[in-house]
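Colleague: Before anything else, here's the structure in question.
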Amino acid sequence: MKIAAVEAWVEAPLKRFVDDARARLALLLHPSGQVLAQAGFTRAVDVMTACALAAAAHATAGELGRQLDGRGFRGLHYAGLEKQLYLAAIDTARGVYICLTVFDQASSLGLVRMYFDDLSRELTAAAPPLIALREPALGADFERDLDANLSALFGRAS
Amino acid sequence: MTPFTPILETLTRQRGVRASLIVSESDGLVVDAHLRFGQDGERVAALAASLYRKARLSAGAARLGTVVFLQLDAERGRICAAGSSVVGHSHEGRTDLVIVVVADPAANVGLIRMELLKALESLA
């Protein structure tokens with residue numbers, strides 16, 4: 477499966493995760509919706525859409541968790557007829573990232589969660605420290621950063 | 146205490162048994178478990194369910210019929226598993242439950258197998 481990452485330290489752990497968990501698609505993104513790495517997507521527009529929806533679902537689950545349980549839910553699982561998704565956050569020295577994993581009957585929720593724990597540990601260990609504070613997620617340059625990341629993943633945004 | 150607790154306690158009482166679990170084959174999650182110290186139940190459940198599912202599909206594809214008992218021997222332990230679907234049993238409508246036992250390499254597989262198959266009967 478083709479894997480592309482905006483930042484190199486993400487690529488090897490994500491590839492291992494996708495191979496081990498037998499995921500069909502995987503997406504690593506910032507909670508603002510900016511993509512960091514992707515596996516299995518063939519079109520930039522699909523990545524852009526999935527990022528926006530995953531970020532929204534994560535924000536919704538987080539807020540629901542805070543309302544119900546006093547803190548945000550960390551993991552979210554949806555089961556469809558053939559495909560399932562698992563959405564969960566990873567804390568690193570560079571901040572929080574969201575990982576969207578799509579899998580089918582070749583895998584299971586148990587396997588995905590197990591290898592996701594490994595991915596979290598590997599990314600936490602591999603993350604270089606953040607030198608400068610990240611700019612506001614919805615700043616004026618959000619669109620420019622989004623296009624730059626998609627170009628890095630697909631050659632050019634389409 | 147769940148309906149599975151007596152079954153799991155009986156299995157874990159066997160000499161050399163480190164853990165016994167009831168796992169959902171389709172999603173690889175623990176339904177109930179009786180673990181000795183140091184056993185990672187979620188990891189064992191996910192891997193054993195995947196293993197059992199593959200064995201069941203392989204046996205079906207090879208026209209060998211249903212998998213009655215699965216045994217994996219490794220250097221530092223063994224995993225034994227049996228599924229409720231193979232004997233046509235279901236627990237409250239569920240037919241995808243797998244009973245998994247993690248044991249020492251020196252554990253008596255014959256006894257474990259007998260207890261596992263008895264445990265399947267109790268699941269019905």
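Chains as they are written, first to last, in our numbering: chain A, 477 to 634; chain B, 146 to 269. Cβ atoms here follow ideal geometry from the backbone N, Cα and C, with glycine treated the same way.
1. Would you kindly work out how many angstroms separate the C-alpha atoms of residue 243 of chain B and residue 188 of chain B, rounded to a whole number?
2. Is the shortest distance between the beta-carbon of residue 174 of chain B and the beta-carbons of chain A less than 8 Å?
3. Reducing DSSP to helix, strand and coil, say where residue 583 of chain A ends up.
4. If you count every other CB in all the chains shown that lies within 10 Å of the CB of residue 634 of chain A, and 16 or more means buried, which is it?
5. Do you know whose CA, among A:500, A:487 and A:492, lies nearest residue 584 of chain A's CA?
6. Please name the residue, chosen from B:146, B:155, B:148 and B:147, that lies closest to residue 262 of chain B on a Cα-to-Cα basis.
7. Can you find a CB in chain A that lies within less than 8 Å of the CB of residue 195 of chain B?
8. What are the residues in the segment 184-212 of chain B lying within 7 Å of chain A by C-beta distance?
9. Please list the segments of the alpha helix (DSSP H) lying wholly inside the segment 500-569 of chain A, counting only runs of 4 or more residues, in order along the chain.
10. Mind checking which residues open and close the alpha helix (DSSP H) that includes residue 195 of chain B?
11. Ends of the alpha helix (DSSP H) at residue 254 of chain B?
Modeller: Let me spell this out:
1. In the second sequence, counting from the first residue as 1, residue 243 of chain B sits at position 98. In the second sequence, counting from the first residue as 1, residue 188 of chain B sits at position 43. So the two alpha carbons sit approximately 15 Å from each other.
2. As a working note, residue 174 of chain B is residue 29 in the second sequence. So, interface residue.
3. In the first sequence, counting from the first residue as 1, residue 583 of chain A sits at position 107. Assigned with DSSP and collapsed to three states, residue 583 of chain A falls in coil, not helix or strand.
4. The residue you call residue 634 of chain A lines up with position 158 of the first sequence. Reliability of the predicted coordinates at residue 634 of chain A is poor, the pLDDT of 46 falling under 50, and the value obtained from them is presented with this limitation in mind. Label assigned to residue 634 of chain A: exposed.
5. Working through the first sequence from its first residue, we reach residue 584 of chain A at position 108. Nearest C-alpha to residue 584 of chain A among A:500, A:487 and A:492: A:500.
6. Locating residue 262 of chain B in the second sequence gives position 117, where the first residue counts as 1. Out of B:146, B:155, B:148 and B:147, the CA that lies nearest to the CA of residue 262 of chain B is found in B:155.
7. Here the question's residue 195 of chain B lines up with position 50 in the second sequence. Taking CB atoms only, residue 195 of chain B has a neighbour in chain A less than 8 Å away.
8. So the list reads 187, 188, 190, 191, 194 and 195, given in the order they occur along the chain.
9. Listed in chain order, the complete alpha helix (DSSP H) runs (minimum 4 residues) inside the segment 500-569 of chain A are 520-545.
10. For the purposes of this step, residue 195 of chain B is identified with residue 50 of the second sequence, where counting begins at 1. 186-206 is the span of the alpha helix (DSSP H), which, as asked, contains residue 195 of chain B.
11. Position 109 of the second sequence holds residue 254 of chain B. According to the DSSP assignment, residue 254 of chain B belongs to the alpha helix (DSSP H) that extends over 254-268.
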